[in-house]
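Asks:
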Amino acid sequence: MISPEQYPVLIVVIPLLSAFLISILGGMDKRFCYPATLLALGGSLAAAVATLCLVADHGIIHYRMGGWAPPFGIEYVVDYLNALVLVVVVFVAFMAAIASKVSVEEELPHKIPQFYTLFVLLTTGLLGMTITGDAFNLYVLMEIAALTNYALIAMGRKRALMASFNYVVIGTMGACFYLLGVGHLYIMTGSLNMADILNILPHLYGTNAILVAAILMLMGAWIKMAFFPMHGWLPNAYTYAPSATSSLVAPLMTKVSVYIMIRVMFSVLGAVYVFKVLPVKELIVWLATAAIIAGSLFALAQKDFKKMLTYLIVAEVGYMVGGVWLATAQGITGAILHIVNDAVMTLCLFLFAAIVVHKTKGHQLSNLQGLFKKMPITMAAFAVGALSMIGVPPTAGFFSKWYLILGGIDAGQWQFVVALLFSSLVNAVLFFRIFEIAYYEPESAQHGHGESVAIDEAPLSMLLPLVVVAITIILLGLYSGEIVTTFIQHAVPAGI
Amino acid sequence: METVVSIKPLLASLVSLVAVIPIVMSGKRPNLREGWTFLAGVIKFGLIISMLPVILAGGTIQYNLWQVMPGLAIAFKVDGMGMLFAIVASTLWLATSAYSIGYMRSQNEHSQTRYFSFFAVALSATIGVAFAANLFTLYLFYEMLSLATYPLVTHHQDGEARASGRKYLTYILGTSIGLVLPAMLMVFHLTGTLDFSGAGILAGTTSKTVIICLLLMFVFGFAKAGIMPLQGWLPAAMVAPTPVSALLHAVAVVKVGVFSIFRVLTFIFGVELLRTLDLGGVLCVIASITILVASLIALSQDGLKRRLAFSTIGQLSYIVLGVALLSPSGLTGGLLHIAMHAFGKITLFFCAGAIFVATGKKNISEMVGIGKRMPVTMIAFLIGSMSVIGIPPTGGFISKWHLLLGTLEANRIPMLVVLLSSSLLNAAYFLPVFYRAFFCTDEESMFEAKVVEAPIWCVAPLVMTAAISVGLFFYPQPFLDLARMAVRSMGG
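Protein sequence lines correspond, in order, to chains A and B.
Residues in the first sequence are numbered consecutively from -17, following the numbering used here.
Residues in the second sequence are numbered consecutively from 1406, following the numbering used here.
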C-alpha cells in the first residue's frame, strides 16, 4: 500500500514512466498504446483526486524530492490552487485520451505509438509545471510540455508543419523570457525555491533587477498563453493540429500558463509587489479588455469551426488575465474558477469538433448542417458547452463570469465589465449561428421529409467522454460555491 | 404570516420537464404521446391548485433547492402573485394541448414530437419564473424559456422561420444578457442578495441616478414584455404554428416578460422606493407610448395574427402601467390583467388558428361572411375581443376597471385618457373583424352558407376559454383575492 504522502509525486511519476513504457509496448504491438495510456492517466487521475481530498482536509502539502530539503532540493508544493488545477489537467487529459482512439486511428494510422508517448509526456510536463514549487524546475517541465506539443501539432496535415514551426519560434522565445527572469531572480536571491524567493524578495523590491525579472517572467507566461497581442501563433497551430492533439492542448496549454502567471505573481514575486509596486495593473486590465474584444471579433469572422474556437480561447485568456489583475478578491476568485471551467468547456467544444471531423471529414461551419437530427445526443452535449461559453445558468461558465463581473464592478474597471458582456453577446451570436446551421437540414432534405433522416451517432468512445464532460460542466456550475469556499478562497492572497 | 416548506413548487415546475422523457420515448405513437402531455398538464394543474388554500389563507410556500454560492440560491417561493400567474399558465397549457392536437394533426405538421417536448419544457420554465424566490432563479428560468421556445418559433424550418428565429433570439437573448444580467449583478453588488422582498431591497443603497439606470435596464431588458422599441420580435414570431403563438405569445412568453418586470419593480425596487424617487411618471410615459402606438399599428394590419400580435404588445403595457401608477387599485388591476388578458387573447388566437385550419385564410380582408360558415368560432372571437377591449360581461372589464380606478387614486388623469382612448382603438381594430364576418349580403360573402367548423379539438378549447372569459366577470374571486393579497404584501 502506498502511503498518502506519496500521492503528490505519483501524479507526475506514473505518466512519466508510462510514457517510456508506451513507447516500448508500441514497438511490440501498437494496439497496446491506447489501453496503456488510459491506465497511466487513470492512475494519475486517482492520485490527483486523492491529493485534492488531502488538501481539502489537511491543508497545504510539501513534498521533498529524494528527501532533499529546500531551498537546495526540488520541492513539490500542493496548495489550494494547484490541487484544483492538477485534477483539471489530468481529468482533461484522461477524457481527451479516451476520445482519441478513433481520431488517431483515422488521422495518424502510422504514428500511433509516437502519438501516445508524446501525449502522455505532454501531460506529464503540464502536471509537473503545476505541481512544482521550484522556479527552475518549472522551466524544465515547461520545455518538456512545449517540445512534445510542437511534435504533436506537427503530426497534422500540410499546414500543421508551418503552424508548428511558427509556434516553435514564438514558444521558445516565451520560455527564454521566463528563464531569463528566473536567472535574474537567482542572481539577486541565490535561490530557486519559490517560497524561499518570496521570503527574500521584499528587501529587493526597489531594485531594477527584480523589475526586469518580473517583466520577463510575466512576458514569458503571456506569450505561452497567447495573451493578445501575443496570440499570433495559436489559431493556426490549434486548428491544423490533429483532432486528438487539439482536444488535449487547446483546453490545457493556455490554462496552465495562466496558472503559471498566477503562481509567479503570488508565490514568487508576491501580491504586494505585483499590485502595489509594479505600476501596470490598470494597463493589463486594458490589455485583457482588448484581448476579449479582439478575440471575440476575430472569432466572429471565421468560417472554419475549429479556428473560431481557437479565437475564443484568445478571448477567454483575456477573461482570466483581466480577472487576476483586477486585484480584487472577487476578480481573482473568478479567474481561478474560470481556469477550471474554461478548461472543461473548451474540452467539450474540441471533443465535439473531433466528432465533426470524424463524421464529416472537415471542420468548416458548413459541415455542421443537419447535425441535430443525425446526432441528437452529441448536439445536446455540445449545446451545454456552448451555453456555458455564452454564460447561461446553471452551467459553469455563468458562475465564473459572475465573479469576474463582480470583480470588475468592485475594482471600478467598467471597460472590463463591458468587454465581458460584449463577449457573452458575441458568443451567443456565434453559437446560435451554429445551432441554426445544425438545426436546419441541408438543401436536399426539405420540409416535411425531416423524419426520414436516420440517426447516426458518434462512436461510443467519442460520445461517452463528451457526455461526461457536458455533465461535468453543469455539476461544476452547481458546485461553484463549494469549490470557491473549499479551495479558491484560500488561494486568493490575503489583504487585497 | 404562515410559511410552509414544501417541495410542491419544485414539482409543479419539474413535472412537465420530466414528461419530456416519455413524450420522446413514445414519439412513434401519437395518441400515447399526447396522453403524456395531458397527464403532465393535469398533475401540474393539480399541484398548483393544491397549494391555493395555503396561499389564500395568507401563507407562503417555500422550497430551497440548491445553494449555489453564498447569497445565490435556486429557490422557490409561492405567493399570491406567482400563484395567480401559475394558475393562468397551467390552465391554459391544458387548453392549448388539446388545441395543439387538433391543429397540428389537421395541418399534418412535421416533427410533432419535438414540438410537444419543447412545449413541455417551456411550461416548466414558465412555472419556474412564477415561483422563483429570487432574481437569480427567475433569470435562470427566463433564459430556459428563451431557449426552449426557439425550436417552437422556428418550427417550420424554412427561410422565414430562420429569419424570425434570428430576430427572436437577438431581441430576447441580447437584452437579457446585455441588460438584465449586468443589472442583476449590480443589484447583487449593492445589496449582497437577490431575494425578493415585499418591501424591495434597493432602498437606501445607492443614488437616484443608479436606480434610474437599473430601472431602465430591467424594464427594457425583459424584452419578452414587448415594450417599445423592443417589440419587433413579437410580430416576427407569429410565423410559429398558431398554438405556439397562442400560448407562448399571448400568455407564457410575453406574460413572463411583464411578470418579471412586475416582480422586479415591486419586489426588488419596492413600491415605496419608486414613490419616494417619483419614478412612476417615467414608467407611465414608457407604458403609454407602447399602448397607443401598438394600438395604432394594429389598426393597419390585415394579417389576423399580426393584428393580434400588436394588440398584445399594447395590452402588455397595461400591466406595466398598473405598476407605474403605484396605487393599490393600479397594482391590483395590473396583476388581474395578466389573467384576464390571457384568457381573452388566447381565445382570439385559437379562433385565428381555427379559421386557418378550416379555410386556410390568414388575412382579415378574406374573411367577409365567415360568421355564417363558422358561427361558434366567430362568437367566441367576439367574446375574446370584448374581453380585450374591456366591455362587460367579460373578465377584461374587471381588470380595466381597477386600472382606471388606479389612475384616479394616483391622480394621473392623462393615464385615464390613455386607457380610454386605447379601449376605443381596441374596439376599432377588433369589431370590424366581427362586423365583416356576420354583417354582409350573400353576394359579398366569400364563403358558402354551409356551417363547417374546424375539428372539435380546435373548437372545444376556444369555447372553453371564451366561457371562462365570461365566467371571470361574474366570479373573479380567486384572481382578485390573489391580486389583492399580492398588493398587500407589496405594502401598496
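Ideal Cβ positions, reconstructed from N, Cα and C, are used throughout, including at glycine.
Output, in chain order, the set of chain A residues within a Cβ distance shorter than 8 angstroms of I1582(B).
Replies: Position 177 of the second sequence, counting from 1, holds the residue named residue 1582(B). What I1582(B) touches in chain A: I372, G373, L403, S406, L407, A410.
Asks: Check each residue of the stretch -11 to 11 of chain A: if its Cβ is closer than 8 angstroms to any Cβ of chain C, include it; give the result in chain order.
Replies: Note that chain C does not occur in the displayed structure, where the protein chains are A and B.
Asks: If you run the structure through DSSP and keep just helix, strand and coil, what is L1721(B)?
Replies: For this step, residue 1721(B) is matched to residue 316 along the second sequence. If DSSP states are grouped into helix, strand and coil, L1721(B) belongs with the helices.
Asks: Since A1699(B) and I1673(B) should fall inside the 8 angstroms C-beta cutoff, what is the C-beta to C-beta distance between them, to a whole number of angstroms?
Replies: Here residue 1699(B) refers to the residue found at position 294 when the second sequence is read from its first residue. Here residue 1673(B) refers to the residue found at position 268 when the second sequence is read from its first residue. Not quite, the Cβ-Cβ distance comes to about 26 angstroms (not below 8 angstroms), so this is no contact.
Asks: Is H185(A) buried or exposed, if buried means 16 or more other CB atoms sit within 10 Å of its CB?
Replies: Taking the first residue of the first sequence as position 1, residue 185(A) is located at position 203. Its Cβ having fewer than 16 others within 10 Å, H185(A) is exposed.
Asks: Please state whether the Cβ-Cβ distance between S1874(B) and I1788(B) is less than 8 angstroms.
Replies: Sequence index remark: in the second sequence, residue 1874(B) carries index 469 (1-based). Sequence index remark: in the second sequence, residue 1788(B) carries index 383 (1-based). Going by C-beta atoms, S1874(B) is nearer than 8 angstroms to I1788(B).
Asks: If the cut is a Cβ gap below 8 angstroms, which residues of chain B does G463(A) touch?
Replies: Position 481 of the first sequence, counted from the start, is the residue given in the question as residue 463(A). Ordered by position in chain B, the residues that pass the 8 angstroms Cβ test against G463(A) are Q1472, V1473, M1474, P1475, L1477.
Asks: Cα-Cα, which of E1853(B), K1449(B), V1483(B), A1604(B) is closest to V1773(B)?
Replies: Along the second sequence, one-based indexing puts residue 1773(B) at 368. Ranking the options by Cα distance to V1773(B), first place goes to E1853(B).
Asks: Quick check: what's the CA-CA separation for S508(A) versus V326(A)?
Replies: The question about residue 508(A) has no answer, for chain A in this structure spans -17 to 478.
Asks: Do the stretch 1489 to 1497 of chain B and the stretch 1740 to 1750 of chain B make contact, defined as three or more Cβ pairs closer than 8 angstroms?
Replies: Enough Cβ pairs lie closer than 8 angstroms, so yes.
Asks: If contacts are defined as beta-carbon pairs under 8 angstroms, then L319(A) and V466(A) qualify, I think. What distance do you get, rounded to the angstrom?
Replies: By one-based count along the first sequence, residue 319(A) stands at place 337. By one-based count along the first sequence, residue 466(A) stands at place 484. Sure, about 6 angstroms apart at Cβ, within 8 angstroms.
Asks: Taking its Cβ as the centre, do 16 or more other Cβ atoms sit within 10 Å of S382(A), making it buried, or is it exposed?
Replies: For the purposes of this step, residue 382(A) is identified with residue 400 of the first sequence, where counting begins at 1. Under this definition S382(A) is a buried residue.
Asks: Tell me which same chain residues have a C-beta within less than 6 angstroms of the C-beta of R245(A), skipping the five on either side of it?
Replies: Position 263 of the first sequence, counting from 1, holds the residue named residue 245(A). Answer for R245(A): no residue qualifies.
Asks: When the Cα atoms are used, what is the spatial distance from A177(A) to K1613(B)?
Replies: As a position in the first sequence, residue 177(A) is number 195, starting the count at 1. As a position in the second sequence, residue 1613(B) is number 208, starting the count at 1. Cα to Cα, A177(A) sits roughly 49 angstroms from K1613(B).
Asks: I'd like to know if the stretch 352 to 362 of chain A and the stretch 288 to 307 of chain A are in contact, where contact means that at least 3 CB-CB pairs between them fall below 8 angstroms.
Replies: Output reads no: the stretch 288 to 307 of chain A does not touch the stretch 352 to 362 of chain A.
Asks: Give a yes or no on whether 8 angstroms exceeds the smallest Cβ distance from S85(A) to chain B.
Replies: Taking the first residue of the first sequence as 1, we reach residue 85(A) at position 103. Judged by the 8 angstroms Cβ criterion, S85(A) is not in contact with chain B.
Asks: Are there 16 or more other CB atoms within 10 angstroms of the CB of A1729(B), so buried, or fewer, so exposed?
Replies: Taking the first residue of the second sequence as 1, we reach residue 1729(B) at position 324. By the 10 Å Cβ count, A1729(B) comes out buried.
Asks: Looking at L251(A) and L183(A), is the spacing between their C-beta atoms short of 8 angstroms?
Replies: Indexing the first sequence from 1 puts residue 183(A) at position 201. Indexing the first sequence from 1 puts residue 251(A) at position 269. Cβ atoms of L183(A) and L251(A): closer than 8 angstroms.
Asks: Just to confirm the assignment: which complete alpha helix (DSSP H) runs, minimum length 4, are found wholly within the stretch 324 to 366 of chain A?
Replies: DSSP runs (the alpha helix (DSSP H)) wholly in the stretch 324 to 366 of chain A: 353 to 356.
Asks: For S426(A), count the other beta carbons within 10 Å of its own beta carbon; 16 or more makes it buried, fewer makes it exposed. Which is it?
Replies: Along the first sequence, read from residue 1 onward, the residue named residue 426(A) stands at position 444. Per-residue confidence for S426(A) stands at a pLDDT of 48, beneath the threshold of 50, marking its modelled position as unreliable; the derived number appears in the next sentence. The residue is exposed, with fewer than 16 neighbouring Cβ atoms inside 10 Å.
Asks: Any C-beta of chain B sitting closer than 8 angstroms to the C-beta of G432(A)?
Replies: To locate residue 432(A), count along the first sequence from 1; it is residue 450. Summary for G432(A): the model assigns pLDDT 46, below 50, so the residue's position carries little reliability; its value from the coordinates is reported in the next sentence. Cβ-Cβ to chain B under 8 angstroms: yes for G432(A).
Asks: In whole angstroms, what is the alpha-carbon distance linking K1482(B) and A1537(B)?
Replies: For the purposes of this step, residue 1482(B) is identified with residue 77 of the second sequence, where counting begins at 1. For the purposes of this step, residue 1537(B) is identified with residue 132 of the second sequence, where counting begins at 1. Spanning the two alpha carbons is a distance of roughly 6 angstroms.
Asks: Do you know how far the Cα of A1747(B) is from the Cα of I1666(B)?
Replies: In the second sequence, counting from the first residue as 1, residue 1666(B) sits at position 261. In the second sequence, counting from the first residue as 1, residue 1747(B) sits at position 342. Going from the Cα of I1666(B) to the Cα of A1747(B) covers about 17 angstroms.
Asks: Ignore the nearest five residues each way along the sequence and tell me which others in G25(A)'s own chain have a CB closer than 7 angstroms to its CB.
Replies: The residue you call residue 25(A) lines up with position 43 of the first sequence. Same-chain partners within the cutoff: I(-4).
Asks: Can you tell me the Cα-Cα spacing of V1762(B) and I1784(B), whole angstroms?
Replies: Position 357 of the second sequence, counted from the start, is the residue given in the question as residue 1762(B). Position 379 of the second sequence, counted from the start, is the residue given in the question as residue 1784(B). Distance between the alpha carbons of V1762(B) and I1784(B) is about 17 angstroms.
Asks: Please state whether DSSP places G432(A) in a helix, a strand or coil.
Replies: Along the first sequence, read from residue 1 onward, the residue named residue 432(A) stands at position 450. Legend: pLDDT at G432(A) = 46, less than 50; position of this residue unreliable, value from coordinates given subsequently. Three-state DSSP puts G432(A) in a helix.
Asks: When the Cα atoms are used, what is the spatial distance from I80(A) to L(-1)(A)?
Replies: As a working note, residue 80(A) is residue 98 in the first sequence. As a working note, residue -1(A) is residue 17 in the first sequence. Cα to Cα, I80(A) sits roughly 20 angstroms from L(-1)(A).
Asks: For V466(A), go through chain B and note every residue whose CB falls closer than 8 angstroms to its CB, in chain order.
Replies: By one-based count along the first sequence, residue 466(A) stands at place 484. Per Cβ cutoff of 8 angstroms: M1474.
Asks: Taking Cβ-Cβ distances below 8 angstroms as the criterion, which residues of the stretch 180 to 214 of chain A are in contact with chain B?
Replies: If the cut-off is 8 angstroms between Cβ atoms, the stretch 180 to 214 of chain A has nothing near chain B.
Asks: Quick one: residues in its chain with C-beta nearer than 6 angstroms to the C-beta of M1870(B), no 5 flanking neighbours on either side, listed in chain order?
Replies: In the second sequence, residue 1870(B) corresponds to position 465, counting from 1. The sequence shown places Thr at residue 1870(B), rather than the Met named in the question. Correct list, in chain order: A1500, F1748, I1751, T1752.
Asks: At a CB distance below 8 angstroms, what residues from the stretch 1584 to 1597 of chain B approach chain A? Give them in sequence order.
Replies: Under the 8 angstroms Cβ criterion, the stretch 1584 to 1597 of chain B contributes L1586, P1587, L1590, M1591, F1593, H1594.
Asks: Please specify which runs of the beta strand (DSSP E), each continuous and at least 3 residues long, are wholly inside the stretch 1648 to 1706 of chain B, giving them in chain order.
Replies: The stretch 1648 to 1706 of chain B contains no whole beta strand (DSSP E) run of 3 or more residues.
Asks: Flag R1434(B) as yes if its beta-carbon sits less than 8 angstroms from any beta-carbon of chain A, otherwise no.
Replies: Here residue 1434(B) refers to the residue found at position 29 when the second sequence is read from its first residue. R1434(B) does not count as touching chain A.
Asks: Around the Cβ of H529(A), are there at least 16 other Cβ atoms within 10 angstroms (buried) or fewer (exposed)?
Replies: Past the boundaries of the shown model lies residue 529(A); chain A is included only from -17 to 478, so the question cannot be answered.
Asks: Measure from the C-beta of Y1468(B) to each C-beta in chain A and report whether the shortest distance is under 8 angstroms.
Replies: Mapped onto the second sequence, residue 1468(B) falls at position 63. No, Y1468(B) lies away from the interface with chain A (no Cβ there is under 8 angstroms from its Cβ).
Asks: Between F1843(B) and K1767(B), what straight-line distance do the alpha-carbon atoms span, to the nearest angstrom?
Replies: The residue you call residue 1843(B) lines up with position 438 of the second sequence. The residue you call residue 1767(B) lines up with position 362 of the second sequence. Between F1843(B) and K1767(B), the C-alpha separation is close to 17 angstroms.
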